[in-house]
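Take a look at the structure set out below.
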Ligand code: GLC
């Protein structure tokens with residue numbers, strides 16, 4: 084049975100391969116997505132190492148001169164997705180969107196390199212690209228050196244319609260200069276996707292950024308949405324630690340010092356996002372200075388960044404969540420009135436988040452929690468298939484099928 088599912092995972096990656104890059108799934112997401120590709124490279128590395136490096140190289144083809152690695156690289160045209168390159172108008176070749184996504188890449192590179200030590204030949208090109216990208220995060224998104232990077236669009240978090248954004252998004256106008264032509268609801272039932280009003284606000288922000296000519300400093304200044312996402316910040320901190328590891332072999336002494344400085348600043352800033360009452364880390368609205376009054380699965384991610392101070396409490400919180408949802412890990416606290424078990428990032432389980440959090444518990448020497456998450460993730464995928472996300476109350480598969488990152492995570496989790 085296990086061999087069958089692993090075979091299915093490999094077949095899914097082959098089927099979603101578009102000649103050197105992997106689409107998240109056919110039709111719904113017909114381009115290369117940033118954090119999807121980082122996870123997918125780790126999946127490829129389990130059975131085709133050259134192909135794993137190619138995935139990374141293709142993603143880096145989309146990197147901007149200022150260091151940004153965009154959320155989407157539009158390698159080839161498609162009518163199946165909105166908003167396409169004609170809406171973004173970033174003026175890059177290949178065409179790209181103009182915002183980032185969670186920076187998993189340095190972590191993926193380290194992981195792939197461990198499986199393929201000969202891959203160090205790729206590092207002359209990849210290491211400087213990663214360093215430039217981490218410098219971009221610090222300069223473009225934390226210009227005041229606070230240790231917390233800002234998110235200017237919910238899509239940057241990869242958790243598009245999380246209830247963590249509700250309060251801050253409510254202040255974003257619903258007016259757009261771009262005509263909204265959604266394609267996603269032609270592929271997937273609307274009840275499992277973000278709402279119309281969410282899309283109006285998403286596109287309002289894109290319009291606003293395009294109006295700055297995609298100038299990073301202006302975007303930071305003008306964006307009506309500016310939050311410190313605990314997910315993005317924890318993923319970046321973990322990536323900085325992995326970059327430091329790579330810098331031991333491929334970087335200079337000065338670069339290691341620079342990375343170490345950022346790590347120290349970020350680790351202490353993330354501490355300030357601990358919510359003792361909720362027993363989990365939360366996001367902060369940087370426009371108002373208030374913390375977001377909702378617990379989401381991103382709040383476990385500091386463990387993945389090796390911040391283990393509150394590991395015991397986080398394990399207790401996870402147990403409480405499990406009492407209210409049959410399967411781990413719901414994307415929103417299942418006791419919260421905003422929890423919606425079928426709607427995208429407002430409740431469903433996502434395999435990539437489960438992998439990061441299980442890795443975090445493993446780092447914190449809390450193997451039982453790590454094992455439980457992995458066991459449940461494998462059981463879900465093996466019984467219903469390679470879905471985009473899953474209902475934590477019933478275990479049903481939701482959203483797109485034959486999903487690349489779900490396949491990649493299943494391949495990675497086969498090792499535990
Ligand atoms: C959705 C998800 C995002 C993902 C993308 C492609 O936009 O919210 O996290 O990267 O789909 O799978």
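Numbering (this note's numbering), first residue to last: 84 to 499. Positions of the beta carbon are idealized from the N, C-alpha and C atoms, including for glycine.
Rounded separation between residue i and residue j - CA only
| i | j | result |
| --- | --- | --- |
| residue 110 | residue 122 | 20 angstroms |
| residue 315 | residue 254 | 21 angstroms |
| residue 300 | residue 225 | 10 angstroms |
| residue 36 | residue 379 | This structure cannot speak to residue 36, because the chain is shown only from 84 to 499. |
| residue 268 | residue 162 | 14 angstroms |
| residue 180 | residue 296 | 12 angstroms |
| residue 138 | residue 398 | 34 angstroms |
| residue 149 | residue 216 | 8 angstroms |
| residue 452 | residue 478 | 19 angstroms |
| residue 205 | residue 263 | 41 angstroms |
| residue 372 | residue 307 | 14 angstroms |
| residue 115 | residue 156 | 5 angstroms |
| residue 562 | residue 186 | Residue 562 cannot be examined here, being either before or after the span of the chain that is shown, 84 to 499. |
Enclosing alpha helix (DSSP H) for residue i [first to last residue]
| i | result |
| --- | --- |
| residue 122 | 117-127 |
| residue 456 | 450-467 |
| residue 441 | 434-446 |
| residue 283 | 279-294 |
| residue 222 | 206-224 |
| residue 169 | 168-171 |
| residue 408 | Careful: residue 408 lies outside any alpha helix (DSSP H) and carries neither H nor E. |
| residue 198 | 188-198 |
Cβ-based neighbour list, residue i, same chain, cut-off 8 angstroms, excluding 5 preceding and 5 following
| i | result |
| --- | --- |
| residue 387 | 317, 318, 321, 439, 440, 442, 443, 446 |
| residue 346 | 320, 323, 324, 327 |
Host beta strand (DSSP E) of residue i (start-end)
| i | result |
| --- | --- |
| residue 157 | 155-157 |
Spatial neighbours of residue i in its chain, beta-carbon cut-off 6 angstroms, leaving aside the 5 residues before and after
| i | result |
| --- | --- |
| residue 189 | 213, 322, 325, 326 |
| residue 266 | 163, 164, 165 |
| residue 483 | 108, 111, 471 |
| residue 236 | 182, 288 |
| residue 194 | 125 |
| residue 113 | 106, 161, 163, 164 |
| residue 363 | 378, 382, 400 |
DSSP bridge partner residues for residue i (one or two, in chain order)
| i | result |
| --- | --- |
| residue 357 | 364 |
| residue 481 | 472 |
| residue 178 | 157 |
| residue 95 | Beta-bridge pairing links residue 95 to no other residue. |
| residue 379 | 415 |
Contacts around residue i, its chain only, beta-carbon distance under 7 angstroms, and the 5 residues preceding and following it disregarded
| i | result |
| --- | --- |
| residue 172 | 293 |
| residue 500 | This structure does not reach residue 500, given that the chain is present from 84 up to 499, and the question cannot be answered. |
| residue 474 | 424, 425, 431, 481 |
| residue 368 | 250, 251, 310, 375 |
| residue 134 | 127 |
Where residue i sits in the DSSP three-state scheme
| i | result |
| --- | --- |
| residue 303 | helix |
| residue 112 | strand |
| residue 315 | helix |
| residue 310 | strand |
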